[in-house]
Amino acid sequence: TFTDFVVVDDDLGDVKTLKVASTPTDPSIAIAGGLAALAEYGVDPGAVSFFSHGTTVATNALLEGKGARVGLLVTRGFRGVYDVMDQTRGAGRSVYDLNFTKPALLSPGQWTGEIDERIDASGHVLVSLDEEQARRAIQHLLAEGVDVIAVCFLFSFLNPRHEQRVGELVRELAPKLHVSLSCEVLPRIREYFRLSTTVVNAFVQPIMASYLSRIAAGLSDQGMASPRRYVMQSSGGVNSFRGAAARPVTSILSGPAAGAIATARISEAAGFGYAIGFDMGGTSADIVIIVDGRPAETTEGKISGRDLAVPMLDIHTLSAGGGTLAYVDQVGVLQVGPQSAGAEPGPACYARGGTRPTVTDANVVLGLLPSDTQLGGHLPLRADLASKAVEEHVAQPLGIGVDEAAEAILRIVNARMEAGVRRVSTERGHDLRDFILVAFGGAGPLHAAALCRDLGIPRFMVPTYPGLASALGLLLSDVTRDFVRSRISPLTAEAKSEMEQIFAEMEREAGLVMEAEGYQDWKRERWIELRYAGQGYELPVPCESGEDVETLRVRFDDFHEKRFGHRASDANVEVVSYRLTARVLVIPPSVVRQRPVSPAVPVTNVKVHIPEVGKLTSVPVYTRHELTSGQIVTGPTILIQDDTTTVLYPGQRAACDASGNLIVEVEANV
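Numbering follows the numbering used here, in which position 132 of the sequence shown is assigned residue number 132; successive positions increment by one, without gaps.
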């Protein structure tokens with residue numbers, strides 16, 4: 001809905017924020033407009049030394065199926081790997097769906113070519129690459145009009161020679177065509193996941209490369225000369241424009257990852273190592289768990305039915321945002337989502353042409369989002385239009401009152417978000433009483449009070465800039481590059497020398513990459529993926545240089561027991577893959593807002609219908625940033641600021657800490 005900007009002056013500690021309307025047809029237009037607006041506020045583009053961007057361009061291309069035309073080259077006899085996928089339907093409703101259909105292939109059969117070549121499971125060449133056949137296959141794909149060619153040969157992660165040669169042939173025949181080689185995108189075991197990830201990379205590559213090129217040109221046109229321009233990756237670190245354009249698959253969860261990093265950094269700085277990040281924006285809610293100051297991570301995920309096997313933060317996303325539409329279906333049941341009003345026209349209360357009710361409209365009807373609030377500091381809300389939309393599309397079809405209909409909308413969307421929180425916490429063995437909920441995004445603080453009350457979470461936090469926390473997370477993220485290499489072998493004393501050799505090779509590769517980007521001083525993080533012999537999955541375990549295998553074995557047993565509740569100390573353990581993260585530490589900017597010296601007083605009182613309380617209640621409204629450090633405000637009350645609105649339910653108590661974060665203590669079962 002909005003494109004958010006956070007600018008930090010490292011010398012003065014000054015912070016400037018801005019929200020501008022997004023431009024879905026070309027997001028780079030909103031970025032250019034926002035930078036121009038910031039220049040009017042005194043931000044000199046030429047003085048900017050660090051630019052970081054979180055984007056949903058690759059995500060949207062994948063979700064909407066509007067990517068490139070992908071040609072695919074595979075080892076002869078293995079073209080069915082992509083069709084068969086992982087031979088499962090996934091989980092949930094699809095298991096019982098008699099009409100279940102797999103997602104359409106991003107590279108259909110007529111654009112798939114088989115090449116005579118074969119590498120064995122030890123990396124040795126069994127059948128040499130037939131280069132003439134490869135040339136003919138490439139020329140056929142070019143004649144078909146493909147925009148990019150993906151190459152995924154069997155066991156290329158052990159010996160990339162054949163894939164690399166085909167890449168050279170593509171560049172000879174079509175120098176401007178994009179190429180995605182699986183040995184470069186994902187050199188790890190499991191043929192289908194490597195193939196799927198490589199095809200997704202190819203599908204979004206031309207779009208992402210063009211988009212980043214437009215942004216780079218716009219930055220230069222506005223006088224921003226610094227070469228340090230980055231894109232957020234799904235793993236929680238930032239990558240250079242060039243690196244992100246070459247491997248856009250690593251940025252599929254770019255936006256939510258920035259919010260997760262913000263959650264981890266902000267909660268840890270406030271003294272909370274265990275947190276639940278709750279980012280509710282205009283179209284979705286993203287939920288992540290933070291344990292010991294680190295966001296949960298995974299190496300496999302699924303986006304819109306597409307399997308990805310790249311390092312990513314384990315973020316659970318729901319179609320539950322402020323713009324999520326509410327409607328009564330054909331059998332008379334109230335539904336909320338997954339459709340969204342989006343940035344255009346947006347909720348009915350925006351007065352931009354929207355006529356269908358959304359979650360935001362329900363909040364306006366109940367008074368939880370006061371109608372005299374201006375979103376982003378400049379967008380007024382129309383309570384009459386919100387009420388009309390809820391009445392016409394929900395209240396009348398159900399034969400209930402407008403307030404009752406609005407309350408029903410919120411109960412449904414809150415229940416869905418509660419299930420999302422449980423999925424990343426209690427369903428994984430965590431006790432929510434140990435956590436703090438960090439609520440941000442434009443709509444997160446509106447719903448945090450209800451979620452914590454119903455889930456039994458003892459407290460929640462609203463950061464200083466909740467509506468721009470994801471943008472702030474971009475400035476709190478380290479520069480990282482991830483490297484992976486699969487080598488299956490028993491974890492024995494004899495494996496130590498091979499382990500050190502592989503890590504040494506990966507560190508040399510990482511050194512070349514980091515040096516090319518201008519970094520001499522970077523931190524190495526080693527991980528080794530282990531499994532009990534016979535298992536079909538593995539767990540990443542941190543691995544220090546020179547560490548003995550006995551220590552790694554015990555650490556793996558501990559990790560396995562913590563994750564799955566049991567260990568098999570007598571079973572053999574196998575090494576599956578080696579991972580290396582090259583990290584350049586970013587010094588977090590100081591973004592502490594100067595606190596007022598006089599206690600805040602209510603600016604007004606409003607009539608609010610608090611769900612489940614059942615009556616209109618007059619509650620005070622405070623300007624959130626006028627609260628002094630230590631001043632306690634007790635609910636029911638509403639705290640307003642430019643980028644969000646925070647609601648406190650009866651019995652909940654809020655106070656600002658020294659950094660300006662709002663800490664709310666929740667009483668259970670109020």
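Glycine is no exception: its CB is placed at the ideal position from the N, C-alpha and C atoms.
Nearest-angstrom Cα separation, counted from residue j out to residue i
i      : j      : result
Thr358 : Ile207 : 31 Å
Ser497 : Leu580 : 17 Å
Arg161 : Leu186 : 15 Å
Val670 : Ile276 : Confidence at Val670 is low in this model, with a pLDDT of 41, below 50, so its placement is unreliable and the value that follows should be read with caution. Cα-Cα distance, rounded: 22 Å.
Glu407 : Leu648 : 16 Å
Leu313 : Gly80  : 30 Å
Ala668 : Glu297 : Per-residue confidence for Ala668 stands at a pLDDT of 46, beneath the threshold of 50, marking its modelled position as unreliable; the derived number appears in the next sentence. In a straight line, the C-alpha of Ala668 is about 31 Å away from that of Glu297.
Pro311 : Gly322 : 29 Å
Val179 : Glu163 : 11 Å
Ile189 : Ser486 : 6 Å
Ser196 : Gly42  : 46 Å
Thr623 : Pro27  : 32 Å
Phe278 : Glu184 : 34 Å
Asp372 : Leu381 : 7 Å
Arg265 : Leu369 : 28 Å
Leu142 : Gly65  : 21 Å
Arg653 : Pro463 : 16 Å
Phe559 : Thr3   : 39 Å
Glu404 : Ala395 : 8 Å
Arg171 : Arg165 : 10 Å
Ile149 : Gly467 : 40 Å
Glu191 : Asn159 : 14 Å
Gly635 : Pro295 : 31 Å
His430 : Tyr274 : 10 Å
Ala704 : Glu505 : Outside the shown range of the chain, which is 1 to 670, sits residue 704, and nothing can be said about it.
Asn201 : Phe153 : 16 Å
Delimiting residues of the beta strand (DSSP E) encompassing residue i
i      : result
Ser182 : That residue, Ser182, is in no beta strand (DSSP E); its alpha helix (DSSP H) goes Ser182 to Val185.
Thr480 : Val479 to Pro490
Gln652 : Taken as a continuous stretch (DSSP letters only), Gln652 belongs to no beta strand (DSSP E), as it is neither H nor E.
Arg69  : Counting along the chain, Arg69 falls outside any beta strand (DSSP E), and DSSP gives it neither H nor E.
Gln641 : Thr637 to Gln641
His560 : No beta strand (DSSP E) holds His560; the alpha helix (DSSP H) holding it covers Val549 to Phe564.
Phe503 : First-last for Phe503: Ala495 to Ala516, but that is the alpha helix (DSSP H), not the beta strand (DSSP E).
Met461 : Arg459 to Val462
Asn239 : Val238 to Ser240
Ile315 : Careful: Ile315 lies outside any beta strand (DSSP E) and carries neither H nor E.
Opening and closing residue of the alpha helix (DSSP H) in which residue i lies
i      : result
Gly332 : Here Gly332 belongs to no alpha helix (DSSP H), and DSSP marks it neither H nor E.
Val672 : The first residue shown for the chain is 1 and the last is 670, placing residue 672 beyond what the model contains.
Asp83  : Gly80 to Val84
Cys543 : Premise fails: Cys543 is in no alpha helix (DSSP H) and is neither H nor E.
Leu169 : Arg161 to Leu173
His140 : Glu131 to Glu144
Ser254 : Ser254 to Ala269
Ser387 : Ala383 to Val390
Pro445 : Gly444 to Leu455
Reference residue i, options the options, closest by Cα
i      : options                           : result
Ile261 : Leu398, Gly337, Val479 and Leu308 : Val479
Ala47  : Val8, Ala245 and Arg459           : Val8
Gln641 : Gln87, Pro445 and Asp10           : Pro445
Ala415 : Ser489, Arg165, Gln335 and Asp11  : Gln335
Ala258 : Ala121, Asp570, Thr360 and Gly441 : Gly441
Ala104 : Phe203, Pro542, Phe157 and Phe556 : Phe203
Thr628 : Pro636, Asn661 and Pro620         : Asn661
Val696 : Leu474, Arg423 and Val365         : The chain is shown only over 1 to 670; residue 696 falls outside these bounds and no answer can be derived.
Glu507 : Ala269, Ser489, Glu517 and Asp482 : Asp482
Leu455 : Ala571, Gly473, Ala469 and Asp434 : Asp434
Ala21  : Ala362, Leu379 and Ile587         : Leu379
Leu63  : Leu398, Gln339, Val74 and Arg214  : Gln339
Met280 : Gly354, His53, Gly420 and Glu391  : Gly420
Thr645 : Tyr578, Pro347 and Asn363         : Asn363
Anticipated Cβ contact below 8 Å, residue i with residue j, distance rounded
i      : j      : result
Ser210 : Met232 : The Cβ separation is near 19 Å, so there is no contact.
Leu318 : Ala341 : With a Cβ gap of about 16 Å, Leu318 and Ala341 do not count as contacting.
Met417 : Leu451 : 6 Å
Ile289 : Val424 : 5 Å
Val674 : Arg69  : The question about residue 674 has no answer here: the residues shown for the chain are numbered 1 through 670.
Short CB-CB distance (under 8 Å) between residue i and chain C
i      : result
Lys496 : Looking for chain C here will not work: only one protein chain is present.
Between the stretch 544-556 and the stretch 481-493, do three or more beta carbon pairs fall short of 8 Å? Verdict: yes, contact present.
Sufficient close CB pairs (3 or more, under 8 Å) joining the stretch 119-138 to the stretch 216-227: For the pair of segments examined, the stretch 119-138 was found not to touch the stretch 216-227: the number of CB pairs separated by less than 8 Å stays below three.
Counting pairs of beta carbons, one from the stretch 53-60 and one from the stretch 128-140, are three or more of them closer than 8 Å? No: the two stretches stay apart, fewer than three of their Cβ pairs being nearer than 8 Å.
When the Cβ atoms of the stretch 570-580 are set against those of the stretch 512-519, are three or more pairs found closer than 8 Å? Fewer than three pairs of CB atoms, one per stretch, sit closer than 8 Å, so the stretch 570-580 makes no contact with the stretch 512-519.
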